[in-house]
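Residue 1473 is where the sequence shown starts when you use my numbering, and the numbers rise one by one after that. Don't be surprised by glycine CBs; every beta carbon is placed ideally from N, CA and C. The structure displayed is predicted, hence computed values, not measured ones. A short write-up of the structure that comes next.
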Amino acid sequence: MTRLELEQVTDFGDFTRGTDLKELLKQAYSNVASQSLSDVRLSPDGRHIHVIVREPTSGLMTYDRYHKPHLMQCQKHADLMLTRSVSIVDVIYIAQSKEDGACVLAVIFENGKAEFWKFLECRPGWQLLQTVDLCNSPAAKVVSVCICGNFIVWCEERPSCESPCSNFKYCVCKQTIEVNEGGVSLGGVKIALFNNPRYTAITSGDLVYLLPDLTDVFKVFLAWSPESDTFTVHSTCRGSLLMKSSNKESSDFKRLVAGCIGILSTINPPDICGFSPAGCGDLLLLLSTRWVCIMKRDGSLLKIYKLPDNCLSTGGTQNSLNMYNEILALTVGRTLFLIDTKCGLEIERISLKKEGLLFVNSLDSQSPQMLSETGLFIVTPRELDAKPKPNSIAVDSSTLLVEAVFEEACKYYQQRSLSSAQLTVEKLKKGGMFQAPISLAAILGDYLSNQKSKSAEKKSSGQERLMNSLEAELRSLVMLEDMKTSMVKASEKDVESYCESLVQQEVCRLLSAEIDKENLQYLNSIFNLFPTESWHAVQATLQLGCNGEGSLSSKASAELWKIILNPIQQTANFAHCNNQQKRTTGNVVLPVFELLCHSIYKFQPGWMPRFVELAHQQAGNSSTSSWSYGVKESSESLPLYKRALMALPCKDQHLEVELLLCSQRPNAIMQALRILIEQRRWERATQVAEKFCRQSPFLNKEIFSALLCEVSQHRDLDPYLDLLWTLCPEDMSVTSILNIVLTNLPSSEQNLGPFEAQGGQVTIGLLKPLLRKVLQRETKPSQRYADILQSPTRPPPTPPRQAKGLPRLGAELDNELQETKQRGSPGAQMTPQASLG
1473 MTRLELEQVT DFGDFTRGTD LKELLKQAYS NVASQSLSDV RLSPDGRHIH VIVREPTSGL
1533 MTYDRYHKPH LMQCQKHADL MLTRSVSIVD VIYIAQSKED GACVLAVIFE NGKAEFWKFL
1593 ECRPGWQLLQ TVDLCNSPAA KVVSVCICGN FIVWCEERPS CESPCSNFKY CVCKQTIEVN
1653 EGGVSLGGVK IALFNNPRYT AITSGDLVYL LPDLTDVFKV FLAWSPESDT FTVHSTCRGS
1713 LLMKSSNKES SDFKRLVAGC IGILSTINPP DICGFSPAGC GDLLLLLSTR WVCIMKRDGS
1773 LLKIYKLPDN CLSTGGTQNS LNMYNEILAL TVGRTLFLID TKCGLEIERI SLKKEGLLFV
1833 NSLDSQSPQM LSETGLFIVT PRELDAKPKP NSIAVDSSTL LVEAVFEEAC KYYQQRSLSS
1893 AQLTVEKLKK GGMFQAPISL AAILGDYLSN QKSKSAEKKS SGQERLMNSL EAELRSLVML
1953 EDMKTSMVKA SEKDVESYCE SLVQQEVCRL LSAEIDKENL QYLNSIFNLF PTESWHAVQA
2013 TLQLGCNGEG SLSSKASAEL WKIILNPIQQ TANFAHCNNQ QKRTTGNVVL PVFELLCHSI
2073 YKFQPGWMPR FVELAHQQAG NSSTSSWSYG VKESSESLPL YKRALMALPC KDQHLEVELL
2133 LCSQRPNAIM QALRILIEQR RWERATQVAE KFCRQSPFLN KEIFSALLCE VSQHRDLDPY
2193 LDLLWTLCPE DMSVTSILNI VLTNLPSSEQ NLGPFEAQGG QVTIGLLKPL LRKVLQRETK
2253 PSQRYADILQ SPTRPPPTPP RQAKGLPRLG AELDNELQET KQRGSPGAQM TPQASLG
């Protein structure tokens, strides 16, 4: 077993003037000193430490570490110790020179001047390469600076900017930079953003993050690509809000944020308490909510770890954070937190004697390194004694069984107790009420096994049957204890395998039995603590797979689906909960179906509609009696698509549309169509209309009327009119079409919005094919009664008539009627011959 600890690399004894450095750092830790750890800079290779002196005079102190110790003792080496009347804004390190691998340093002053220095160990010392002016205006003041690729980026204050607000008098500039053997080559200055607030520039990969000054309160910060001149507006609560490209000309900050001004009025993002680049365009953020998050380059905000209470409440507490491969290191005051970014679990918490400053060493970027008052430190693993102490782990199996069944019996009696007092194992042993059958069987079996040497009598048949019925459960308890023992001795990789196996067994066990309130809470806790392992367990338990048609299939039994889709699990707290944030914090226990939807959305969001369709199929095929108590959708239970929508942790309209459509319900389909219309996704809207108009005449008429209303208001649907006219219902008349169009025409005084197409309102020419089609259908005779309305061209031939014998036939009929009347036969009927007459 390993444990992480701090190991000292150097006590500054191998640095030039190491004693002075220690004294300076002591002043930095004192409350009365003007120095601060935020003014300390370390070179990427950890060989140079620069301290920016703010008061009483501005300057720079440099401390170097030589590869060859005898060169450090040379009295002729040139130290980089500056004293200037102008304040130093920052010290930045440029990529090492390709010719000799020497470190190049840029010292940026507030008046816009920049001095470039080069360190050569063989000469030895620092040599001034060049002094340049970054700003075009002599009145400009640089407030922050960074290096991004072959660009030097800075934020400067320009008092001459025409802005009514004093907070928006800054601009962001960039300039190409190239270091060669003779000096530094700079390109032309380009203003990328103007009329912006004061920003701190920080580089991460090929992006520059512009963070607002911590003394000011702004709701957004920017991510900017100097190469493509693309700005992205971010917030610490919603992630990416807006993206805008300005390849040819500068961007105005006010116009940039105007596109998301509506969102800004509704959000209240937390403050940024600390930040650090995470590489590849990502940014680490420490928020005032005590959450450590990663702002991904795509705009998503990923929460990693939440600090304990009162960590950030201490005044004057300094913090620093950095990413090292998959480990997040964070110092808050005198505590170092080491977090696993894959799962968000705390690996180690190390107490520090003094506050420290984390930094990344390019020679060993995988290990967290820290500067403290006493020297440089590195986090290293230390092997602990893996041998268990006697009687600590290797416990007899019978003892484990006895303890387990005592705890189970305690839980058994607690459920049936009328008292609210908590029942403990000690009370149970003393109370004389211990009668749990599992406990009796385990103790009896252990007792009889110990009596074998004394008596050779066989077990009774009743005791044998009892032990056989409990053998599987007892064996599982022993296996569980053996696995616990193996996990203590196992490596990190084997522990992950054991963890995944345990989670899969627990999920399968819970889903194979009736889910009560306690088991449901336990299942929720498993999904919260082990999300990845739970997702793998769900796939294995349900045997989910994608077929060639793009739909999901499951080989799980109907009984398992009955437990998953059971609406009885919908608690009142969840069914009437509208606050989605409350669901994600763990205050509400999710039913099994919602829990699975939450897991699918996290790992495979594209499976959500297909999973709901699969659930619909399983509920529809539930004709057996085992489904007779509430699995099918009823008036008392929510439909499956609504339950899936409520399980979504955040608003996702694209996924919401697909879930509504997969329900196959008319109201849901119309709701999805309205969302598509609001989003102006016309191609998808017409696809939905073409697919669902064939379901029913009522749905056909509703969809066609909704799209016809949009045709009346704008010209965005012009490319789809031919398809739309084919969807016109059979019972739609010209009058009803014109009524819809005239009712929904926009007023003439209404201004065209930014999304209106060219050409204005709908015209008769556009409606002409539809009206012609409907008129032809109205004037065309109906085919329903075609066989009746059609008249022959010639009259049918006259049937043959008999010229003779008719009087005789009539006389015979009269005589027959009279005879029948005289006989008094009421049931007599006319003959066919009589009816013909």
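Name, in chain order, the residues that DSSP records as bridge partners for residue 1680. 1675, 1696
Would the beta-carbon of residue 1533 fall within 8 Å of that of residue 1496? When the beta-carbon positions are compared, residue 1533 and residue 1496 come within less than 8 Å of each other.
Tell me the DSSP secondary structure of residue 1475 in three-state form. strand
Helix, strand or coil at residue 1603 [DSSP, three-state]: strand
Does DSSP put residue 1835 in a helix, in a strand, or in coil? coil
Measuring alpha carbon to alpha carbon, tell me which residue in 1657, 1552, 1605, 1698 is nearest residue 1621. Selected option, being the one with the closest Cα: 1698.
Taking three-plus beta-carbon pairs below 8 Å as touching, is the stretch 1519–1533 in contact with the stretch 1480–1496? yes
Pull up the DSSP beta-bridge partners for residue 1578, would you. 1564, 1588
To the nearest angstrom, how far is the alpha carbon of residue 2005 from that of residue 1976? Taking the straight line from one Cα to the other gives about 7 Å.
Please work out which residues of its chain come closer than 6 Å, Cβ to Cβ, to residue 1812, disregarding the five sequence neighbours upstream and downstream, and give them in chain order. 1819
Mapping DSSP to helix, strand and coil, what is residue 1971? The answer is helix: DSSP assigns residue 1971 an H, G or I state.
Kindly identify the DSSP beta-bridge partner or partners of residue 1531. 1525, 1555
Using the Cα positions of residue 1988 and residue 1995, report the straight-line distance between them to the nearest angstrom. 10 Å
In the DSSP output, which residue or residues are listed as bridge partners for residue 1513? 1522
Residue 1492 to residue 1826, Cα distance in whole Å? 18 Å
With distances taken between CB atoms, is the gap from residue 1664 to residue 1722 smaller than 8 Å? yes
Can you name the residues that DSSP bridges to residue 1648? DSSP lists 1623 as partners of residue 1648.
Excluding five sequence neighbours on each side, which residues of the same chain lie with their C-beta closer than 6 Å to the C-beta of residue 1746? 1758, 1791, 1793
Beta-ladder partner(s) of residue 1771, from DSSP: Its beta-bridge partners do not exist; DSSP assigns none.
Would you call the CB atoms of residue 2028 and residue 1979 closer than 8 Å? no
What residue does the beta strand (DSSP E) around residue 2144 start on, and which one ends it? That residue, residue 2144, is in no beta strand (DSSP E); its alpha helix (DSSP H) goes 2138–2150.
Considering Cα atoms alone, identify which of 1743, 1641, 2182 is closest to residue 1761. 1743
Considering only residues of the same chain and omitting the five flanking positions on each side of residue 1685, which have a CB-CB separation below 6 Å? So the list reads 1670, once near-sequence residues are dropped.
In whole angstroms, give me the CA-to-CA distance for residue 2017 and residue 1838. Cα to Cα, the separation comes out at about 38 Å.
Do residue 1771 and residue 1711 come within 8 Å of each other at the CB atom, strictly closer than that value? yes
Terminal residues of the alpha helix (DSSP H) in which residue 2081 lies: First-last of the alpha helix (DSSP H) with residue 2081: 2080–2092.
From the DSSP secondary-structure annotation, give me the bridge partner or partners of residue 1801. 1794, 1810
Does the contact criterion of 3 or more C-beta pairs under 8 Å hold for the stretch 1653–1660 versus the stretch 1689–1696? no
Using a Cβ-Cβ cut-off of 6 Å (strictly less than) and excluding sequence neighbours within five positions of residue 2191, which residues of its own chain qualify? none
Between 2037, 2081, 2079, which lies nearest to residue 2065 when the distance is taken from Cα to Cα? 2037
Looking at residue 1527 and residue 1421, is the spacing between their C-beta atoms short of 8 Å? The structure shown has nothing for residue 1421, since the chain only spans 1473 to 2309.
Taking C-beta to C-beta, are residue 1775 and residue 1765 nearer than 8 Å? yes
Taking residue 1530 and residue 1560 to be in contact with their CB atoms under 8 Å, please state how far apart those CB atoms are, rounded to whole angstroms. 6 Å
Out of curiosity, what's the CA-to-CA distance linking residue 1956 and residue 1948? 12 Å
Select from 2060, 1498, 2213 the residue whose C-alpha is nearest the C-alpha of residue 1845. 1498
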